[in-house]
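Trainee: One structure coming up, written as structure tokens, with questions to follow.
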Amino acid sequence: MAENLISPPKVEKITLEKPRKLKPKKPPVKRLLYPGLIFVALVTQIPFIMTIYYSLQKWNVMRPDLGIDFTGLTNYLYYFKQPQFYTVLKNTLILTFGSLILCLILGVIFALLMNRQFFAKGIVRTMFVSPFFVMPAVAGIVWKTMVTNPNYGFSAYFGELTNSTPIDWLSQHPLLIIILIVTWLWTPFFMLVLLAGLQSLPQELLEAAEIDGANKGQQLLYIVLPHLLRYFEVVIMLGLIFILQVFGEIFVTTSGGPGYASTNLSFYTYREGFQNWEIGGASTIGVITVILTIIVMTFLFSFMRRRFKEELM
Amino acid sequence: MKKLMKSLVTLITYVMAFIYFFPILWLFITSLKQEKDAAIIPPSFIFSPTFEHFHEIWNNGVAYYMLNSAIVAIASTFIALLLGVPAAYALALYRIKRSNDILFWFISTKFMPVAGVIIPLYLLFKSLNLLDTLSVLILVYAAMNMPLVLWMMRSFFKDIPYELIEASQVDGATGLNTFFKITLPLVKSGLISTILLSMVFAWNEFFFALSLTYTSAKTMPVYMTAFMTQEGLFWAKMSAASVFAIVPVLILGWFSQKQLVRGLTMGAVKG
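Residue numbers (our numbering), protein chains in the order written: chain A, 11 to 323; chain B, 1328 to 1598.
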């Protein structure tokens, strides 16, 4: 390396250059960022601003005779008065946090089980991970038909076994089944991230604790879990991004019903926009969805930061 | 005693993995059954297997929709890489003012629910007569996956010792040369898993696909829901169609599972 630094052509080249070019030129790295920045801004940010604009209008695509009126905040006031709006809001929160908590619990259990040496570990991991790659549409189909159908399949079979009327899960507990589907799809991701965290834990720490007389439970509580905090934060953030937007699972299984019993904000936007053709209404729900997402994210992270401040620092 | 405990935990692991994987296994099994065996009570593992449903679905032209999905997944991933990799490279290896803010901005675009952008995009593409074309899906998926590419690739680039790149620059290689000859080979496995994950997300995406296509640009998830509406009572046939829909990504996923986590978590955990 040193040889190259003082190699003749280089020296010659530098001496030939004008003095102001002698300064070490910084690579134009900022230019590498602009195409991506501009592209993403065009496709995500500008449409959102347009969504805000449309949310202030009364506009039904199927009724061109009514025209487009600028109505200010009327749409918002309208939805705040609708009882189903609060059902949808509640569903969104239950669905999101229900799935999140189940994913966390199962994710921790699976990660702990996988953080050991045993026969055929690779195959077992593949079996745990597989649901993550199944498209929501197919996951919904599998659960709707084969698992929860009251007349055929497993639900019917268990009904027969226990000598009771099989439960029509999707019409009696629609939200619960959707939470289970989402959990089934997303737990593998939680497991993988937490497993990565477990594997980055220095073994000496555990050995030291064992010498000091800590039992398995104490080790888990005082060493393993605090170490995992950072990983919990990452997995909650990435998981929430996707779980807040659940759509396909609902579309395929219940179409948001019965009534509004399993409609979340994403699906409500779809119903208003692509079934009722209310451009203004759908945009209003879209804006509310974004605001709620931001609130949930901010709230959760400021809470986690405060709660675990010492450990995270 | 301790040994017994260990085998017991291993046994529990096997049982849980089996239960967890069971819906997928059952889907595969059902796809091989005859229609009369598919919905039978009690559900049975014993039957004479048949490939007739796969033949039928294939002859009905599932390949067209699979090709749509594949084109959309590959093209959008290519664009996402083209824009995301240079940005990740810059953010990982150079001191850039407010680089954390830039990174956070990109990630925060992933907070944006589809619901927040779908109406204007739909109206825009409608007015441009671009609804039901593959190009609009490619465009939105590229934007959807670019922050993901940036996020993952940044953490892979960060693992490269900077001296390596410096050394090659001293040797007189130009920036682009360094990038292709030195940097890229070092992050090869990370790059591959990023590509696979981006393709998986594009293949499985549903909300945009449902809203922006009807017939000719339909992708596999939309095809599946249409299939369910029409033939939802024919479990075996529907299972065969589902197998076509999930097998390509299952295979991609199995290959990328190890690398996947590293890219997604390390950047955030190590800062």
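Where a beta carbon is used, it is the ideal one built from N, C-alpha and C, also for glycine.
With 9 Å as the threshold, decide whether the Cβ of phenylalanine 95(A) is near any Cβ in chain B.
Mentor: Stepping through the first sequence from its first residue, residue 95(A) is reached at position 85. By this cut-off, phenylalanine 95(A) is not an interface position.
Trainee: Do the segment 150–161 of chain A and the segment 253–267 of chain A touch if we need at least three Cβ pairs shorter than 8 Å?
Mentor: A contact exists between the segment 150–161 of chain A and the segment 253–267 of chain A.
Trainee: If contact means a Cβ-Cβ distance below 7 Å, which residues of the segment 1383–1414 of chain B contact chain A?
Mentor: Cβ contacts with chain A come from Leu1410, Gly1411, Pro1413 and Ala1414.
Trainee: What is the DSSP secondary structure of phenylalanine 168(A), counted as helix, strand or coil?
Mentor: On the first sequence, residue 168(A) is found 158 positions in, with the first residue counted as 1. Note: phenylalanine 168(A) maps to helix in three-state DSSP.
Trainee: How big is the Cα-Cα spacing for glutamate 1493(B) and methionine 60(A)?
Mentor: To locate residue 1493(B), count along the second sequence from 1; it is residue 166. To locate residue 60(A), count along the first sequence from 1; it is residue 50. Glutamate 1493(B) and methionine 60(A): Cα-Cα distance of roughly 45 Å.
Trainee: For asparagine 161(A), which residues does DSSP report across the bridge?
Mentor: One-based indexing of the first sequence puts residue 161(A) at position 151. DSSP output for asparagine 161(A) lists no bridge partner at all.
Trainee: Starting from the beta carbon of proline 1370(B), find every residue of chain C whose beta carbon is closer than 7 Å, and list them in chain order.
Mentor: Looking for chain C here will not work: the only protein chains present are A and B.
Trainee: Pull out every residue of the segment 222–238 of chain A whose Cβ sits closer than 8 Å to any Cβ of chain B, in chain order.
Mentor: Answer in chain order: no residues at all.
Trainee: If we count Cβ pairs, one from each stretch, closer than 8 Å, do we get three or more for the segment 192–199 of chain A versus the segment 138–146 of chain A?
Mentor: Enough Cβ pairs lie closer than 8 Å, so yes.
Trainee: If you drop the 5 nearest sequence neighbours on each side, which residues of the same chain put their C-beta closer than 7 Å to that of phenylalanine 1452(B)?
Mentor: For the purposes of this step, residue 1452(B) is taken as residue 125 along the second sequence, with counting starting at 1. Correct list, in chain order: Leu1458, Val1463 and Leu1539.
Trainee: Whose C-alpha, out of Pro93(A), Pro268(A) and Lys40(A), is nearest the C-alpha of tyrosine 1421(B)?
Mentor: Looking up residue 1421(B) in the second sequence gives position 94. Nearest option by C-alpha distance: Lys40(A).
Trainee: Quick one: what does DSSP say leucine 1448(B) is sitting in, helix, strand or coil?
Mentor: As a position in the second sequence, residue 1448(B) is number 121, starting the count at 1. Here leucine 1448(B) sits in helix by DSSP.
Trainee: For chain B, is any of its Cβ atoms less than 9 Å away from the one on methionine 314(A)?
Mentor: By one-based count along the first sequence, residue 314(A) stands at place 304. No, methionine 314(A) does not count as interfacial toward chain B.
Trainee: So with CB distances below 7 Å, who are the chain A contacts of isoleucine 1446(B)?
Mentor: On the second sequence, residue 1446(B) is found 119 positions in, with the first residue counted as 1. Thr61, Tyr64, Gly283, Ile289, Ala292, Ser293 and Gly296, listed in chain order.
Trainee: From the DSSP output, read off the bridge partner residues of glutamine 1586(B).
Mentor: For the purposes of this step, residue 1586(B) is identified with residue 259 of the second sequence, where counting begins at 1. DSSP output for glutamine 1586(B) lists no bridge partner at all.
Trainee: Using a cut-off of 9 Å between C-beta atoms, extract the partners of phenylalanine 1483(B) located in chain A.
Mentor: Position 156 of the second sequence, counted from the first residue, corresponds to residue 1483(B). Here the premise fails: no neighbours, minimum Cβ distance about 14 Å.
Trainee: My assumption, with CB atoms under 8 Å, is that glycine 269(A) sits in contact with isoleucine 1445(B). Please give the rounded CB distance.
Mentor: As a working note, residue 269(A) is residue 259 in the first sequence. As a working note, residue 1445(B) is residue 118 in the second sequence. In fact, because the Cβ distance is near 23 Å, the residues do not count as touching under 8 Å.
Trainee: What did DSSP end up calling glutamate 1379(B) once you bin it into helix, strand or coil?
Mentor: Position 52 of the second sequence, counted from the start, is the residue given in the question as residue 1379(B). Reduced to three states, the DSSP call for glutamate 1379(B) is helix.
Trainee: Express the C-alpha separation of methionine 1551(B) and serine 1569(B) in angstroms, rounding to a whole number.
Mentor: Working through the second sequence from its first residue, we reach residue 1569(B) at position 242. Working through the second sequence from its first residue, we reach residue 1551(B) at position 224. For serine 1569(B) and methionine 1551(B), the distance between alpha carbons rounds to 7 Å.
Trainee: Just checking: is the beta-carbon of isoleucine 56(A) within a distance shorter than 9 Å of some beta-carbon in chain B?
Mentor: Here residue 56(A) refers to the residue found at position 46 when the first sequence is read from its first residue. Closer than 9 Å to some Cβ of chain B, the Cβ of isoleucine 56(A) qualifies, so yes.
Trainee: I need the DSSP call for glutamine 127(A), collapsed to helix, strand or coil.
Mentor: Here residue 127(A) is taken as the residue at index 117 of the first sequence, counted from 1. Residue state, collapsed to three classes: coil.
Trainee: Taking the alpha-carbon of valine 50(A) as reference, which of Ala1544(B), Leu1503(B), Met1471(B) and Phe1535(B) has the nearest alpha-carbon?
Mentor: The count along the first sequence starts at 1 and reaches residue 50(A) at position 40. When only C-alpha atoms are compared, the closest one is Met1471(B).
Trainee: Find the residues of chain A that neighbour proline 1488(B), judging by a C-beta separation of less than 7 Å, and give them in chain order.
Mentor: Translated into the one-based positions of the second sequence, residue 1488(B) becomes position 161. Under the 7 Å cutoff, chain A gives no residues; its nearest Cβ is about 14 Å from proline 1488(B).
Trainee: Using a C-beta cutoff of 9 Å, does alanine 1572(B) count as contacting chain A?
Mentor: To locate residue 1572(B), count along the second sequence from 1; it is residue 245. It does; some Cβ of chain A falls within 9 Å.
Trainee: Say whether chain B places a C-beta atom closer than 9 Å to the C-beta of tyrosine 88(A).
Mentor: For this step, residue 88(A) is matched to residue 78 along the first sequence. So, not an interface residue.
Trainee: Chain B partners of leucine 42(A), CB-CB under 8 Å?
Mentor: Your numbering for residue 42(A) matches position 32 in the first sequence. In chain order: Pro1413, Ala1414, Tyr1416 and Ala1417.
Trainee: At what residue ranges does the segment 268–323 of chain A contain a whole run of the alpha helix (DSSP H), taking only runs of 4 or more?
Mentor: Here the runs fully enclosed are 275–280, 289–317 and 319–322.
Trainee: Would you call histidine 1382(B) buried or exposed, if buried means 16 or more other Cβ atoms sit within 10 Å of its Cβ?
Mentor: As a working mapping, residue 1382(B) is identified with position 55 in the second sequence. So histidine 1382(B) counts as exposed.
Trainee: Among the candidates Ala1407(B), Ser1358(B), Ala1417(B) and Pro1370(B), whose CA atom is the shortest distance from the CA of phenylalanine 1506(B)?
Mentor: Translated into positions along the second sequence, residue 1506(B) becomes position 179. It is Ala1417(B).
Trainee: Taking all protein chains shown into account, decide if methionine 72(A) is buried (16 or more other Cβ within 10 angstroms of its Cβ) or exposed.
Mentor: Position 62 of the first sequence holds residue 72(A). Its Cβ having fewer than 16 others within 10 Å, methionine 72(A) is exposed.
Trainee: Under a three-way DSSP split, which group does lysine 100(A) fall into?
Mentor: In the first sequence, the residue the question calls residue 100(A) occupies position 90. Looking at lysine 100(A) - three-state DSSP - the assignment turns out to be helix.
Trainee: Return helix, strand or coil for aspartate 1364(B), following the three-state DSSP convention.
Mentor: Counting from 1 along the second sequence, the entry for residue 1364(B) is found at position 37. Residue state, collapsed to three classes: helix.
Trainee: Could you pull out every unbroken alpha helix (DSSP H) segment of at least 4 residues lying fully inside the segment 188–265 of chain A, listed in chain order?
Mentor: Taking only runs of at least 4 residues, the alpha helix (DSSP H) segments lying wholly in the segment 188–265 of chain A are 213–221, 226–229, 235–253 and 258–263.
Trainee: Kindly list the residues whose CB is nearer than 6 Å to the CB of alanine 1344(B), restricted to its own chain and excluding five residues on each side of it in sequence; keep chain order.
Mentor: The sequence position of residue 1344(B) within the second sequence is 17, counting from 1. Excluding positions up to five away in sequence, the list is empty.
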